[in-house]
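Heads up, the thing below is written out as structure tokens.
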Amino acid sequence: MLERSAILEARERVRETSRHTPLEYSYTYSSMTGADIYLKLETFQRTGAFKIRGATNRILTLSDDQQDVGVVTASAGNHAQGVALAATRAGVDSKIVMPKHAPISKVKATRNYGAEVVLHGADYAEAAEHAHDLEAEEGRTYVHAFDDEAIMAGQGTLGLEILEDCPEVETVVVPIGGGGLISGVAAAIKTAHPDVRVIGVQSDGASSAAPSLEKGERIALDGVDTIADGIATRSVGEHTFAHIQEYVDEVVTVSDPEIAVTITYLLERSKTLVEGAGAVPLAAVLFEAFDYDPDETIVPVLSGGNIDLNTLTNVIVRGLVETGRYLKIRTVLKDQPGSLERLLEIFTAHQANIYAIYHDRTSRDVEMSDTEVEIELEMRGPDHVEAFLETMREAGYEVDVLI
8 MLERSAILEA RERVRETSRH TPLEYSYTYS SMTGADIYLK LETFQRTGAF KIRGATNRIL
68 TLSDDQQDVG VVTASAGNHA QGVALAATRA GVDSKIVMPK HAPISKVKAT RNYGAEVVLH
128 GADYAEAAEH AHDLEAEEGR TYVHAFDDEA IMAGQGTLGL EILEDCPEVE TVVVPIGGGG
188 LISGVAAAIK TAHPDVRVIG VQSDGASSAA PSLEKGERIA LDGVDTIADG IATRSVGEHT
248 FAHIQEYVDE VVTVSDPEIA VTITYLLERS KTLVEGAGAV PLAAVLFEAF DYDPDETIVP
308 VLSGGNIDLN TLTNVIVRGL VETGRYLKIR TVLKDQPGSL ERLLEIFTAH QANIYAIYHD
368 RTSRDVEMSD TEVEIELEMR GPDHVEAFLE TMREAGYEVD VLI
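Dropping the structure here:
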């Protein structure tokens, strides 16, 4: 098991490369939950995520011969950037295998940090298999994204910072992908304060940790499907699973809609941009995925902010839909003067703000004397949406809610 001394040594190694990131009290989320919420803002970390901690520690523990040959790894994005920057700063050549559909922003950032990027495979597992092939062919050292004690020790430096900045902490909430972050953080916290709870969180679409704990052995999912690409792994690691069993109190899941809502909340209310993986700890608190007491001091770890802009656009729309702020509907009007005006009177009465209206007289789904109308609306919440739709249907309109 990971020794506390290894985490303390890692802190000295990574001090010049990684940042001691802010931990800030949130009045907004404390008010929403009744707990005392402190956000660990790893979004302000170099490369935009916690991965630089473990990557730096691993690179700096390589032998001279290993550094001369170079390193190779596989990653969906954040570990790639961490290894690229850590290797470049140490003068070590790096080659990173990323899944073909990795976010473009993360691919570009990895190249900008000095690594050679190879796009291969549909997901992390396939990318990792190819990276191991390159390891054998070129003699490079493979830098595992999570299942490595030097990586785990580097990530554990985040746990040390939480204890220093918030000594009254009672619960720490950490995302789980392969398990490197939660293993290091949990080891750092539990070896000093075993009474502090550590809660792990995964997405519903990539949940391997909880069933693995129930079975008592690691299981691998057939596939993963989640907007939280940073934790979209099929299985936790062998070493990390042992640490999760030893140190983690509970593992819970959140849904993609809950993740989207949380990202939207953080943008709008906290002016903080996080990626899906970075949002899952706060989502678990907001949507009560685990039990906690009033006034309990909770630290959700916002582990990264490297979200692709195309993904962000979709996430914001989904977040607005889930909170009743955006509505897209379809209805049918008589194709005659005044029909649209009568419909708009309902919008005015409910103060529903129109984003866009689309008329289609040629749709095969309506009579030739009718016209199909799609309307995008800004709404004020679920109650507003429900009242608006009820009024439309009472007025005789057949309404299909598209989004």
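Going by my numbering, the sequence shown opens with residue 8, and the numbers climb by one from there. Even glycine gets a Cβ: it sits at the ideal position worked out from N, Cα and C. This one's a predicted model, so the numbers in the text were calculated from it and none came from an experiment.
Euclidean distance between Cα positions of residue i and residue j
i	j	result
Ile-206	Leu-319	26 Å
Pro-307	Gly-185	18 Å
Glu-133	Met-105	9 Å
Asp-229	Ser-242	10 Å
Glu-171	Thr-198	14 Å
Ala-193	Val-90	23 Å
Val-124	Gln-73	20 Å
Gly-84	Val-114	7 Å
Thr-269	Ala-286	6 Å
Asp-232	Met-39	29 Å
Tyr-272	Glu-265	10 Å
Cys-173	Ala-109	35 Å
Lys-107	Thr-260	27 Å
Ala-152	Gly-237	11 Å
Leu-188	Gly-55	15 Å
Ala-42	Glu-303	5 Å
Ala-3	Glu-136	The chain is shown from 8 up to 410; residue 3 falls before or after that span and cannot be answered.
Val-408	Ile-382	10 Å
Val-99	Asn-317	33 Å
Ser-277	Thr-68	38 Å
Residues bridged to residue i (per DSSP)
i	result
Arg-18	In the DSSP output, where bridge partners are listed per residue, Arg-18 has none listed.
Glu-352	For Glu-352, which the question treats as bridged, DSSP gives no partner whatsoever.
Ala-36	Checking the displayed sequence, the identity of residue 36 turns out to be Tyr instead of Ala. Bridge partners of Tyr-36: none, in fact.
Gly-223	DSSP output for Gly-223 lists no bridge partner at all.
Glu-31	Leu-46
His-366	Val-380
Thr-148	Val-78
Met-105	Leu-126
Which of helix, strand or coil DSSP assigns to residue i
i	result
Asp-407	strand
Gln-209	strand
Met-159	helix
Tyr-120	coil
Ile-361	strand
Lys-113	helix
Asp-100	coil
Asp-130	coil
Glu-381	strand
Leu-92	helix
Met-399	helix
Arg-11	helix
Val-373	coil
Near the ligand FMN: residue i beta-carbon under 7 Å from a heavy atom
i	result
Leu-334	Ligands in the displayed structure: none, and consequently the ligand FMN is not present.
* To do: Please determine if the region 328–346 and the region 310–319 are in contact, where contact requires at least 3 C-beta pairs separated by less than 8 Å.
  => no
* To do: Note down, one range per segment and in chain order, each beta strand (DSSP E) of at least 3 residues found wholly within the region 44–88.
  => Runs found: 78–81.
* **Stretch-stretch touch, CB-based, cutoff 8 Å, three pairs: the region 349–361 with the region 280–300** => By the C-beta criterion, the region 349–361 is judged not to be in contact with the region 280–300, since fewer than 3 inter-stretch pairs fall below 8 Å.
* Inspect the CB distances between the region 153–164 and the region 14–29 and report whether three or more fall short of 8 Å. => yes
* To do: Pair every Cβ in the region 243–255 with every Cβ in the region 131–146, then say whether three or more of these pairs are closer than 8 Å.
  => With fewer than three CB-CB distances shorter than 8 Å, the region 243–255 does not count as touching the region 131–146.
* Start-end ranges of the beta strand (DSSP E) lying completely within the region 177–206, minimum 3 residues -> 178–182
* Inside the region 223–275 only - beta strand (DSSP E) runs reaching at least 3 residues -> Taking only runs of at least 3 residues, the beta strand (DSSP E) segments lying wholly in the region 223–275 are 257–261.
* **Segment contact, 8 Å Cβ cut-off, at least three pairs: the region 331–339 with the region 389–399** => yes
* Evaluate contact between the region 319–332 and the region 385–393, counting only Cβ atoms and requiring at least three cross-stretch pairs below 8 Å. => Counting Cβ pairs under 8 Å, three or more are found: they touch.
* Asked: In chain order, which continuous runs of the beta strand (DSSP E) of length 3 or greater are located wholly inside the region 291–334?
  -> 304–309
* Is it true that the region 219–226 meets the region 276–283, where meeting means three or more beta-carbon pairs spaced less than 8 Å apart? -> A contact is defined here as three or more CB-CB pairs under 8 Å, and the region 219–226 fails this definition with respect to the region 276–283.
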